[in-house]
Amino acid sequence: MAQPSPTPDPRPPRRLGDLAMVWGHARRYPRQVVTAGLALIVTSGATIGIPYSFKRIIDRGFGPETQGGGGISVASSFHFMLMIVAVLAVATAIRFYYVSWLGERVVADIREEVQANLIRLSPRFFEENRPAEIASRLTSDTTLIEQVVGSSVSIVLRNSFTSVGGLVYLFAISPKLAGLLLLGIPVIIAPIALLGRRVRGFSRASQDRIADVGAIVSETLGAMRIVQAFGQEGREAARFAAAVEATFGAARRRILLRAIMTAIVIGLVFGSITLVLWQGASDVAAGRLSGGSIAAFVITGGIVAGAFGALTEVYGDLLRGAGAAERLGELLAERPEIAAPVPATPLPLPARGALSFEGVRFRYPTRPEVAAINDLILAIHPGETVAVVGPSGAGKSTLFQLAERFYDPEGGRVTLDGVDLRDADPAAVRARIAMVPQETVIFGASARDNLRYGRWEASDAELWAAAEAANAAEFLGKLPGGLDTFLGEGGARLSGGQRQRITIARALLRDAPLLLLDEATSALDAESEQLVQQALERLMAERTTLVIAHRLATVRAAGRIVVMDEGRVVEEGSHAQLIGRNGLYARLASLQFSEAA
988 MAQPSPTPDP RPPRRLGDLA MVWGHARRYP RQVVTAGLAL IVTSGATIGI PYSFKRIIDR
1048 GFGPETQGGG GISVASSFHF MLMIVAVLAV ATAIRFYYVS WLGERVVADI REEVQANLIR
1108 LSPRFFEENR PAEIASRLTS DTTLIEQVVG SSVSIVLRNS FTSVGGLVYL FAISPKLAGL
1168 LLLGIPVIIA PIALLGRRVR GFSRASQDRI ADVGAIVSET LGAMRIVQAF GQEGREAARF
1228 AAAVEATFGA ARRRILLRAI MTAIVIGLVF GSITLVLWQG ASDVAAGRLS GGSIAAFVIT
1288 GGIVAGAFGA LTEVYGDLLR GAGAAERLGE LLAERPEIAA PVPATPLPLP ARGALSFEGV
1348 RFRYPTRPEV AAINDLILAI HPGETVAVVG PSGAGKSTLF QLAERFYDPE GGRVTLDGVD
1408 LRDADPAAVR ARIAMVPQET VIFGASARDN LRYGRWEASD AELWAAAEAA NAAEFLGKLP
1468 GGLDTFLGEG GARLSGGQRQ RITIARALLR DAPLLLLDEA TSALDAESEQ LVQQALERLM
1528 AERTTLVIAH RLATVRAAGR IVVMDEGRVV EEGSHAQLIG RNGLYARLAS LQFSEAA
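Mind the numbering: the sequence shown is residues 988 to 1584 in my numbering, read in order.
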């Protein structure tokens, strides 16, 4: 498996304008934004007020103003300084609370919106995008957004206000010295502009490498039994280490550039201040400036320099946040390919469960060179049980995908109760279908919630009735907490047969007119299979049922067996009829039954 490359991403570099999505979420809370903004302005003003307080103290305590009541003047100056400190402390606390609140709130909103959008997307999106990488965006990228909103933006705004206010005060103290200081600003900004472009490229590369690490962790932990069974722990550890090292390499390049940029800017800033102060010292010696004024100028200059330095340090964080915002924005911008038409054609009542495939042609978007379904004609009548058999890749599972309108056919049409699925609301279509997949899906939740997935409002009595019908009540009753027992990630606390029986109970509970069974008893032992098969037969007697059978022994009693090959129906009839024709079904049956013998 190819390892991720540490080179920068070739796509266009991130722009701070990508943070507009984050601002769009933040401005939903105007009261908090205004309060945080006012607190930022007050803290910046109080910060600039401290040098002014020192100027008053020095001039009134050590200058000509000390004569004639200077002690009272010094005391009032210290009182003024204490007041400034108190205002700074309170405003800082208010700023921290509201800025942090906004960071957490914005991240929560973005996560909810991204997740809400993801669960509406068609299966094609998840075939072309790794779920583990998407999960990384919802975790690491949103964490970056939280840092940006809750810290970086606050630092930028506070230091911007402080820089502007400090420059204004510097001009008030000495226009000449302040003018000399400003001459160095273009020299300071130049490295930010030049190096910032490269930082943007490495910021995206770093984020992508972090996403690769998350994807590998998710994939490996999800297949831990296979990893250990085949003794691949060392290889997986090496693959993870390579991804981590690639992440470190990308981060190291980004950090190095930021460090160089910070060193250059701080050196230029403080070098400029030193040269300006040299001139200021000459003015003090010549009596053109007071000692308090030069002290205030020095302190204010240091504050302004620190503010500029903080801006350069946080610039990289803003770029990383912009990259995260763009990646999340991409997920928010995705729109489902399968959507309800306006207006949608209502499905007729009462529901009958009649399913029909009329000249259907279909290719999976990720495999356009292969026709999964080719000119398929198949009608399943209300109350009928139809078994679909055939070799792997014949198109059996694709029938289920089309019936539930996870995809639309390229040609022909699929109808439910006479309505073309493309004209109906997908939610209304799926509400009439219950499905038991071959690969069981158990959520990391309680047994009750896993059963209620079939019908969320079901009572406990209905849950137990469905579990009884699926032969699951006995083992559910023995769980430590009964229905409230946590089943583990993917149902790790259950056997394969127990997981399958829960999915069958879930389908029973749904009580839909159309039942889709993908070898529903494949994971059961012989005794449980017989009991569950009896329950399914009772369920199917009142419903339209489409069964995908991989083991032909399970479909002998089906009313009609459809044999598929290369996306077409090649044979159709009862078990006895198909055996007598000596076609594909007879060959498959001969192979399976001889192996069983």
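All C-beta atoms, glycine included, are put in the ideal place defined by N, C-alpha and C. This one's a predicted model, so the numbers in the text were calculated from it and none came from an experiment.
Helix, strand or coil: which one does DSSP assign to Ser1087? helix
Please classify Asn1569: is it buried, with 16 or more other beta-carbons within 10 angstroms of its beta-carbon, or exposed? exposed
Quick check on the DSSP output: the beta strand (DSSP E) that includes Val1534 runs from which residue to which? 1531-1535
Cβ separation of Ile1045 and Met1068, assumed to be a contact under 8 Å, to the nearest whole Å: Contact flag wrong, Cβ pair sits at about 12 Å.
Is there a Cβ of chain D sitting closer than 7 Å to that of Val1136, yes or no? Any reference to chain D falls outside this structure, which holds one protein chain only.
Can you check the segment 1546-1579 for any beta strand (DSSP E) of at least 3 residues that lies completely inside it and give the ranges in chain order? 1547-1552, 1555-1560
Distance check for Glu1345 and Gly1398, CA to CA, integer angstroms please. 9 Å
Roughly how many angstroms lie between the CA atoms of Pro1333 and Gly1303, to the nearest whole one? 53 Å
Just list the residues that DSSP pairs Met1422 with in beta bridges. Leu1503
Taking just the CA atoms, how far does Ala1233 sit from Ala1411? 48 Å
Beta-carbon proximity list for Glu1371, same chain, < 8 Å, skipping 5 on both sides: Thr1531, Thr1532, Gly1546, Arg1547
By the DSSP assignment, the beta strand (DSSP E) with Val1375 in it spans what residues? 1372-1376
What are the boundary residues of the alpha helix (DSSP H) that includes Ser1277? Counting along the chain, Ser1277 falls outside any alpha helix (DSSP H), and DSSP gives it neither H nor E.
Runs of 4 residues minimum, wholly inside the segment 1097-1170: which ones carry the alpha helix (DSSP H) assignment? 1110-1115, 1118-1123, 1129-1134, 1140-1160, 1162-1169
Of the listed residues Gly1441, Met1008, Val1009, Ile1420, nearest to Ile1429 (C-alpha basis): Gly1441
Using a Cβ-Cβ cut-off of 8 Å (strictly less than) and excluding sequence neighbours within five positions of Gln1134, which residues of its own chain qualify? Gly1090, Asp1304, Gly1308
Check the C-beta distance from Ala1434 over to Thr1402 and give it rounded, since I have them as a contact under 8 Å. Going by Cβ atoms, the distance from Ala1434 to Thr1402 rounds to 37 Å, so no, they are not a contact pair.
Find out if the Cβ-Cβ distance for the pair Phe1227, Ile1203 is shorter than 7 Å. yes
Buried or exposed, going by whether 16 or more other CB atoms sit within 10 Å of the CB of Leu1450? buried
Grab me the residues of Val1271's own chain with a C-beta within less than 6 Å of its C-beta, minus the 5 sequence neighbours each way, in chain order. Ile1281
Would DSSP call Ala1007 helix, strand or coil? helix
Can you tell me whether Thr1472 is helix, strand or coil according to DSSP? coil
Sub-7 Å separation of Leu1170 and Thr1287 beta-carbons: no
Report all residues from its chain with a CB closer than 7 Å to the CB of Ile1097; omit the five preceding and five following residues, and keep chain order. His1012, Thr1129, Ile1132, Leu1315
In the structure shown, what three-state DSSP assignment does Gly1293 receive? helix
Just the C-alpha distance for Leu1565 and Val1534, rounded to the nearest angstrom, thanks. 17 Å
Local Cβ density within 10 Å of Thr1261, reported as buried at 16 or more and exposed below that: exposed
Counterpart residues of Thr1079 in DSSP-defined beta bridges: The partner list for Thr1079 (beta bridge, DSSP) is empty, contrary to what the question assumes.
Between Ala1198, Ala1320, Arg1354, which lies nearest to Glu1114 when the distance is taken from Cα to Cα? Arg1354
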